[in-house]
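One rule links them: number in the numbering used here = place in the sequence shown (from 1) + 12. Where a beta carbon is used, it is the ideal one built from N, C-alpha and C, also for glycine. Take a look at the structure set out below.
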Amino acid sequence: MRLTVSALLISSMTLGGCAAVRDSRVNPFNWFGNSRSETVTTAPKANTNPLIPTGGTGLFQRKRAEQQVYQGQPIDTVSDLVIERVPGGAIIRASGVSPAQGLYEVQLTPENDDDEAVDGVLSYRLEGRLPANARPGGSEATRTVTAAHAVTEQQLRGVHTIRVVGARNARTSRR
Numbered sequence: 013m014r015l016t017v018s019a020l021l022i023s024s025m026t027l028g029g030c031a032a033v034r035d036s037r038v039n040p041f042n043w044f045g046n047s048r049s050e051t052v053t054t055a056p057k058a059n060t061n062p063l064i065p066t067g068g069t070g071l072f073q074r075k076r077a078e079q080q081v082y083q084g085q086p087i088d089t090v091s092d093l094v095i096e097r098v099p100g101g102a103i104i105r106a107s108g109v110s111p112a113q114g115l116y117e118v119q120l121t122p123e124n125d126d127d128e129a130v131d132g133v134l135s136y137r138l139e140g141r142l143p144a145n146a147r148p149g150g151s152e153a154t155r156t157v158t159a160a161h162a163v164t165e166q167q168l169r170g171v172h173t174i175r176v177v178g179a180r181n182a183r184t185s186r187r
């Protein structure tokens, strides 16, 4: 009896200590942590070899050719980034503020090929489409939009940073 009570007391104090240490790696509630805002700089595209095909029209790439090209533009400002752990992976949820009301077809578009991490960083663009008759302005609440993207545990292997980019800023969340 004494051994059982001692074990329960030690385990409850250990778990309570994990919740008290917010930025610790041993904290099970702190999987990716809070996001931070960064400024965005546009880099010129690297020189590519014109002899290597970039678009898919081969025999095994028929599905890629059938997909329509998304016509969205980056959201003005990314205001929030939350990574929620779910069975089998995670859900990346980002909110942003548009310069005008009426934004539709909002999505997180992967910046990396095949939605895979590059140097431990998964990067996405928060994009949406504005109607032709969109009026600029309005309250921030009416211009705020949210999009989510699911990733698997395989995609998260080796990932230490998730980054969501807008037109003016980017938000990152690190493990």
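query: Proximity of L3 and I104 at Cβ, strictly below 8 Å; result: The structure shown does not extend to residue 3, since the chain is modelled only from 13 through 187, so no value can be given for it.
query: DSSP-derived helix/strand/coil call for A146; result: coil
query: According to DSSP, residues forming a beta bridge with N181; result: T51
query: Bridge partners - G140, DSSP secondary structure assignment; result: Q85
query: Reference N181; option with closest CA among T16, G108, S24, T26; result: G108
query: Top-ranked residue by Cα proximity to H172, from A144, Q166, A129; result: A129
query: Neighbourhood of Q113 by C-beta, 7 Å cutoff - its chain only, sequence neighbours within 5 removed; result: A146, R147, G150, T154, R155
query: Proximal residues to E165 (C-beta, below 7 Å), its chain only, five neighbours per side dropped; result: G100, G101
query: R169 in three-state terms, based on DSSP; result: coil
query: Coil, strand or helix - D125 by DSSP; result: helix
query: For L93, three-class secondary structure by DSSP; result: strand
query: Per DSSP, the bridge partner or partners of I174; result: L134, S185
query: Cβ-Cβ distance between E123 and V52 below 8 Å; result: no
query: Residues near D92 by beta carbon distance below 6 Å, same chain, minus five either side; result: S107
query: Rounded separation between A77 and Y136 - CA only; result: Here A77 scores only 49 on pLDDT, less than 50, and its place in the model should not be relied on; the value that follows carries that caveat. Whole-angstrom Cα-Cα distance: 22 Å.
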